[in-house]
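2 protein chains.
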Amino acid sequence: MTGPTRLVLEILFDGERHFSADDLFEELDRRSPGISQSTVYRVLQRLGQLQIIEHVHSGVGSTFYHLRQHNHAHLVCTDCGSITDVPDTIFEQLTQTAQTDYSFTVQTHHAAILGRCANCATSS
Amino acid sequence: MTGPTRLVLEILFDGERHFSADDLFEELDRRSPGISQSTVYRVLQRLGQLQIIEHVHSGVGSTFYHLRQHNHAHLVCTDCGSITDVPDTIFEQLTQTAQTDYSFTVQTHHAAILGRCANCATSS
DNA sequence: ATAAGTGCAAATCGTTTGCGTAGGC
DNA sequence: GCCTACGCAAACGATTTGCACTTAT
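One line per chain: the protein sequences are A and B, in this order.
The numbering of the first sequence is the working numbering, which starts it at 233 and goes up by one.
The numbering of the second sequence is the working numbering, which starts it at 233 and goes up by one.
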């Protein structure tokens, strides 16, 4: 409704697709100085409950957030931290096997897949 | 070589397959009181470098550790935190698609797959 | 007026680090 | 003796919480 919350939404709709809480904090502080970190976390939590955004545990570095849009997952490079969006379909077999063999329902969007991106693979 | 390190190995070979640093710390303290947390972390780090153990980022709760043995990955329940070992083969399609379509080399063992286990799915 | 949103500072959790010491070789 | 492993306490990064204050509605 107010100040910071509106700003967060603006930022989310504006530019980059993925933000850590701190990225967001810095961008907020740039646009309107004096906002506190706790506000950022509280706004993110609220937007999460409202199903407007989702968060992803990256394994390397901190949790990141993005507007909710199903059907994609994330590949995160353990070297450079880059995030690659990939369609959910990449999970098809895994999701299905987990379900049939282990009665486990995979949340494809909730944790990143770790590995090394093209760049970092070559520069090893 | 010495005390704590030896004990950690004993514990790892003994019982459960997965330990958080804190699990390990508690078990150590039970077997031989007076060990410090930093020692636990340092031992884990050392054993990691020696390729004796591996760690997994769980997304829910803290990192866990286990003896190194390739060919399996982990399903972690976001509700109860239970860890299920699954063969690497469950990743086949994902790993391959990531490689061919995105030149991304998945590290199947390095991050857990999140979701809900059979128990928690029914008790929702 | 009432409830929600905010800032600030302190607390928490998991993990790391600096430093002085003790023990294996 | 020397080098590594250890214990302790303090430092850290990410995130959460308590509390008092402001501001939409």
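Here a beta-carbon is modelled for each residue, glycine too, at the ideal position from N, C-alpha and C.
The structure displayed is predicted, hence computed values, not measured ones.
Just the chain A side, please: which residues come within less than 8 Å of residue i by C-beta, in chain order?
i       : result
Q339(B) : T310, L346, G347, R348
Does the distance from the C-beta atom of residue i to that of residue j stay below 9 Å?
i       : j       : result
V318(A) : A305(A) : yes
F296(B) : S252(B) : yes
P236(B) : I267(B) : yes
V288(A) : H302(A) : no
L326(A) : L326(B) : yes
Compute the beta-carbon to beta-carbon distance between residue i and residue j, rounded to the nearest angstrom, for a pair I have assumed lies under 8 Å.
i       : j       : result
T332(B) : A353(A) : T332(B) to A353(A), Cβ: 13 Å. No contact.
R263(B) : L244(B) : Not confirmed; about 13 Å, so no contact.
Q339(B) : T310(A) : 7 Å
S294(A) : D254(A) : 7 Å
Of the residues the options, which one's Cα is nearest the Cα of residue i?
i       : options                            : result
G347(A) : Y334(A), L326(A), S314(A), T340(A) : S314(A)
S290(A) : I345(A), D254(A), T234(A)          : I345(A)
R249(A) : E324(A), T316(A), Q325(A), C349(A) : T316(A)
C312(B) : L256(B), S270(B), A350(B)          : A350(B)
L307(A) : L299(A), I322(A), Q301(A), R300(A) : I322(A)
A343(B) : D254(B), E324(B), E286(B)          : E286(B)
L279(B) : G247(B), D320(B), R300(B), D246(B) : R300(B)
Starting from residue i, find everything on chain B with Cβ-Cβ shorter than 9 Å and list it in chain order.
i       : result
A330(A) : L307, T316, V318, I322, I345, G347
So residue i contacts chain B; which residues on that side make the cut at Cβ distance below 8 Å?
i       : result
Q325(A) : I322, E324, Q325, L326
S335(A) : C349, A350, A353
G266(A) : Chain B residues near G266(A): none, gap ~33 Å exceeds 8 Å.
H342(A) : G291, T310, L346, G347
At 7 Å on the CB atoms, spell out the chain B contacts of residue i, in chain order.
i       : result
H289(A) : G291
The stretch 265-276 of chain A / the stretch 320-330 of chain B touching (three or more Cβ pairs under 8 Å): no
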